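> Be aware that the sequence shown starts at 32, since it is given in this note's numbering, and climbs by one per residue. My questions all concern the structure below.
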Amino acid sequence: MVIFSFILALALLAGSIYALRLHHEHRRQALIAREQPLPPLNKQPPLNKQPPLNKQPPLNKQPSPNPLPDAPAAAPEPASAPTDWRQACQTLRDQGQYEDALAICQQAWPQWQSYDHAARVMRAAIRSTSHDPQSHQRWLLRLYTLAAQASFLHDKVDGLPDPTRQRQTHLFTPQQIASLEMPWAQIGYQDLRLLTKSDRKQLTQWLGEPETHQSARIFHDKQWLTSFS
32 MVIFSFILAL
42 ALLAGSIYAL
52 RLHHEHRRQA
62 LIAREQPLPP
72 LNKQPPLNKQ
82 PPLNKQPPLN
92 KQPSPNPLPD
102 APAAAPEPAS
112 APTDWRQACQ
122 TLRDQGQYED
132 ALAICQQAWP
142 QWQSYDHAAR
152 VMRAAIRSTS
162 HDPQSHQRWL
172 LRLYTLAAQA
182 SFLHDKVDGL
192 PDPTRQRQTH
202 LFTPQQIASL
212 EMPWAQIGYQ
222 DLRLLTKSDR
232 KQLTQWLGEP
242 ETHQSARIFH
252 DKQWLTSFS
């Protein structure tokens, strides 16, 4: 009987210990649960960030103290100026277009420069035709005639009137000047200022020495005086 009572006491003690431990474990779990943070209410996934519309500049931003002036509108390109006749003449001469170059020189007729540039064109043509005797001689003759015509219009001769270039355009036309005969034998080359040493040498080699030398204005003095009557 005593043994049974001892065993019962041990069983009650073990049950009490187990119940106490179980209670302690439940309390510990409850404390742990209370310490966990509560989840946020109505938690939504983050939305994509959009750039704000109509962004305004900061109110405290001041304008630049020295703002740059507006760039002036581009001015329209001026119309290309007419090409100078000398430049046009040289371009055509360099391209071998001799007749076109001579036509350009006529724009400045009866100025001395018109004859001077025409002579340069003819010399270029003479050089380019050195392999063709017929063309070579034809250009030589044209150069001589040109020099004689320049002598008629531009030489100053005592006893003969010397009009201005503007007056000459009223007295003569290019066609009238071209119709004047300029014989090599009677005019020669010494008084033809437009001819160079090389020009004179080539002419004398081809035509021989002339009978006399004089200004074309003197040779045509009657024609010259008639034009002023």
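All C-beta atoms, glycine included, are put in the ideal place defined by N, C-alpha and C. Note that the structure is predicted; figures quoted are calculated from it, not measured.
(1) Restricting to Cα atoms, I'd like to know which of L123, W140, A139 is closest to A132.
(2) Where does the unbroken alpha helix (DSSP H) through V152 begin, and where does it stop?
(3) Which same chain residues, not among the five before or five after R231, have their C-beta less than 6 Å away from its C-beta?
(4) For D252, name the three-state secondary structure that DSSP assigns.
(5) For D115, is the classification buried or exposed, using 16 other Cβ atoms within 10 angstroms of its Cβ as the cut-off for buried?
(6) Could you tell me the alpha carbon to alpha carbon distance between S246 and G127, rounded to whole angstroms?
(7) Identify, in the order they occur along the chain, each residue of the same chain with its Cβ nearer than 8 Å to the Cβ of Q138, setting aside the five sequence neighbours on each side.
(8) Assuming Y129 and A155 form a contact by the criterion Cβ under 8 Å, report the distance between their Cβ atoms to the nearest whole angstrom.
(9) Taking the CB atoms as reference points, tell me whether L202 and S166 lie closer together than 8 Å.
(10) For the alpha helix (DSSP H) that D131 lies in, which residues bound it at each end?
(11) Nearest by alpha-carbon distance to Q142: which of L177, D125, P164 is it?
(12) Going straight from the alpha carbon of Q217 to that of Q206, what length do you get?
(13) Which residues mark the beginning and the end of the alpha helix (DSSP H) in which L234 is found?
(14) When you compare the region 237-244 with the region 178-188, are there three or more beta-carbon pairs, one atom per stretch, that lie closer than 8 Å?
(15) Please determine, among L184, T235, L172, P214, the residue with the shortest C-alpha to C-alpha distance to M153.
(16) Does the Cβ of Y248 have 16 or more other Cβ atoms within 10 Å, making it buried, or fewer, making it exposed?
(17) What would DSSP say about D186, mapped onto helix, strand or coil?
(18) How many Å lie between I135 and D147 at the Cα?
(19) Use the C-beta contact count for L256: other C-beta atoms within 10 angstroms, 16 or more gives buried, fewer gives exposed.
(20) Please state whether DSSP places H162 in a helix, a strand or coil.
(21) If I follow the unbroken alpha helix (DSSP H) through W116, where does it start and stop?
(22) Give the secondary structure of R224 by DSSP, where H, G and I count as helix, E and B as strand, and everything else as coil.
(23) Please report the distance separating the alpha-carbon of M213 from that of Q118.
(24) Thinking just about the alpha-carbon of each residue, which of S159, F250, Q197 is nearest to the one in V188?
Checking against the coordinates, here is how it stands:
(1) For A132, the closest C-alpha among the options L123, W140, A139 is that of L123.
(2) Residues 143-159.
(3) Around R231: Y220.
(4) Here D252 sits in helix by DSSP.
(5) With fewer than 16 other Cβ atoms within 10 Å, it is exposed.
(6) If I take the Cα positions, the gap works out to 32 Å.
(7) W116, S145, listed in sequence order.
(8) Rounded, the Cβ-Cβ distance is 7 Å, consistent with contact.
(9) No. Outside cutoff.
(10) Per DSSP, D131 belongs to the alpha helix (DSSP H) from 129-136.
(11) Closest in alpha carbon position to Q142, among L177, D125, P164, is L177.
(12) Taking C-alpha positions only, Q217 is separated from Q206 by approximately 22 Å.
(13) Unbroken alpha helix (DSSP H) run through L234: 228-238.
(14) No: the two stretches stay apart, fewer than three of their Cβ pairs being nearer than 8 Å.
(15) Per the Cα distances, L172.
(16) Strictly speaking, residue 248 in this sequence is Arg, with Tyr absent from that position. Per the 10 Å Cβ criterion, buried.
(17) In the structure shown, D186 falls within a coil segment according to DSSP collapsed to helix, strand and coil.
(18) Their Cα atoms are separated by approximately 13 Å.
(19) L256 should be labelled exposed.
(20) Three-state result, H162: coil.
(21) Counting along the chain, the unbroken alpha helix (DSSP H) around W116 starts and ends at 116-125.
(22) In this structure, R224 counts as coil in the three-state DSSP scheme.
(23) Straight-line Cα distance between these residues: approximately 30 Å.
(24) The shortest C-alpha to C-alpha distance from V188 to any of S159, F250, Q197 is the one to F250.
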